[in-house]
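Protein chains in written order, with this note's numbering: chain A, 135 to 332; chain B, 15 to 407.
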């Protein structure tokens, strides 16, 4: 009897917890079936220690952009997988923003090894800007290997976030036909000798 | 005079550009190597090369100096400065007015000066650049002044990881003036090689420099190479070339190496030389980059800005002059459309709580399709619409 009462009390305590874990925003903005499927994915992410807010936001994005329920569920599920792979690449210490950015990089076709390498070179510094720049470069049409090399070079040299942003702009300008980094001219040509009357 | 006044007016107008757009950067190269000038003694040489560049809006100023210390106390200094004012881009078309000054100073020998002013017209289709230019000026050397004229044409393009540039520059200078003779421009028929006026030789030097150059990056090494040929009926034809490489070894320090053959300058009679040098480059400030090109379509011409934190919120401003209503949705509004308020004549504004980090958002003008804000790179959402991702610091 005592055990049954304990079980009952436990259930009563647990049910409100389950109810609170359900995201009200999903129920408000999506149809019932879609909201339930998305919630399942969110719960799965929570149980794996992955951030859940990016998944909710993805579903809400789909709702605002007028996507069908199937598309929303598929996009949230894909992001769930990408977040998992991002966490595998960056480890448990990665922030939600870093994991979200890394998921975008994986979606753009970059390999997880590039993210791991970037993290080891940045040695504790935030990764959001370098990853976002890396993703942008690939989206601009720079081959992933070349984009990765450029970003890793900056990371290796300990450059601040501003220089990653400058790299992105530099490459955008190059691809648009402008001149990039004019200060990086040929170096060290000696001054000329005096004029010679011939 | 009118041209000078126009240039000054352009510079003054450009100086009024928002200070936020101004960028200043500089480098200091220090190194040593070998130097083999034409008709002079070869030897070791040490060089210091300060350079700076300033850009504010459509105005750009750059300056470079080269101080070299040669054996036996001989030293040379070579300086150059250029100011340029560009028009805004009209589609793929842009015009630039440029003033340039170059000068040299030498141990126990008078130096040279050269001033010129002119304009370049650019065509800038995607991925390439083409230009034509015309300059007029005056050079002073060995106690005489010579008017000069330069016409140029060039192009550049990005081919994979390599940036390639080609230019042709045709220079004309009246050499008769260096002997103190009458101004040959009063007698245009005599402006060919050979004829004699008042017992003095009158000669117009005409030379064309064709230069092909490239820049590419392999891992952390950056290479530059150039190869040029001078064509002329009145001066010796020469081949000029240069190669250099730099590798960053710290955030603001790079190792640089350079070698090449610089051409003599028939305008000022400064001799050419072969050289090799190895040194360090110290960088100050961020690289000065040209202003981002104007967006291509009318609907994308308005800038988009997320300002710094104002308490718990940040100011978002979108300029949409013809819009009757602008809405914004993003992961910081739970993707609920938020109407922006009219702000001034052309802008729309909202104060919204946005945390630092990566954010995804889109705007909608007059109830139309969701799109990336102007000035951001558009991403195609999995859901078919257009969105943007921005990093908020």
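Beta carbons: idealized from backbone N, C-alpha and C, even for Gly.
- Around residue 279 of chain A, no beta-carbon contact reaches into chain B at under 8 Å, the shortest distance being about 10 Å.
- By the Cβ-count criterion, residue 295 of chain B is buried, with 16 or more other Cβ atoms from all chains shown falling within 10 Å of its own Cβ.
- In the DSSP assignment, residue 278 of chain B falls outside any beta strand (DSSP E) and carries neither an H nor an E.
- When beta bridges are read from the DSSP output, residue 120 of chain B appears opposite B/90 and B/123.
- Checking the DSSP bridge columns, you'll see residue 392 of chain B has no partner listed.
- Looking at the backbone, the Cα of residue 347 of chain B and that of residue 341 of chain B are separated by about 11 Å.
- For the C-beta of residue 59 of chain B, the chain A residues within less than 8 Å are, from N- to C-terminus, 324.
- Residues of the region 77–90 of chain B with a C-beta less than 9 Å from any C-beta of chain A: 78, 79, 80, 81, 82, 84, 88, 89 and 90, listed in chain order.
- When the five nearest sequence neighbours on each side are left out, the beta carbons in the same chain lying within less than 6 Å of the beta carbon of residue 360 of chain B are those of 333 and 335, in order along the chain.
- Inter-residue distance for residue 285 of chain B and residue 243 of chain B is about 16 Å (C-alpha atoms, whole angstroms).
- Where residue 278 of chain A is concerned, there is no enclosing beta strand (DSSP E), although the alpha helix (DSSP H) around it starts and stops at 278–290.
- With a threshold of 8 Å between beta carbons, residue 96 of chain B makes no contact with chain A.
- Residue pairing of residue 211 of chain A in beta bridges, as defined by DSSP: absent, with no partner found.
- Assignment of residue 55 of chain B by DSSP, reduced to helix, strand and coil, places it in the coil class.
- When A/251, A/209 and A/274 are compared, the shortest CA-CA separation from residue 283 of chain A is found for A/251.
- Interface residue (Cβ-Cβ distance to chain A less than 8 Å): residue 318 of chain B is not classified as such.
- Judged by their CB atoms, residue 123 of chain B and residue 328 of chain A are nearer to each other than the 8 Å cut-off.
- Taking a contact as a CB-CB distance under 8 Å, the pair residue 126 of chain B and residue 155 of chain B counts as one, their CB atoms being some 4 Å apart.
- Taking the C-beta atoms as reference points, residue 236 of chain B is found no nearer than 8 Å to residue 266 of chain B.
- Proximity of residue 263 of chain A to chain B, defined by a Cβ-Cβ separation below 8 Å, is satisfied.
- Between the alpha carbons of residue 180 of chain B and residue 258 of chain B lies a distance of about 18 Å.
- If one requires a minimum length of 4 residues, the alpha helix (DSSP H) runs lying completely within the region 248–282 of chain A are 262–273, in chain order.
- Of B/270, B/218 and B/321, the smallest CA-CA separation from residue 246 of chain B is found for B/218.
- Under the 8 Å Cβ criterion, the region 163–170 of chain A counts as touching the region 197–211 of chain A, having at least three qualifying pairs.
- The C-beta of residue 328 of chain A comes closer than 8 Å to at least one C-beta of chain B.
- Around the beta carbon of residue 162 of chain A, fewer than 16 other beta carbons lie within 10 angstroms, which makes this residue exposed.
- In the DSSP assignment, residue 166 of chain B falls within the unbroken beta strand (DSSP E) covering 158–173.
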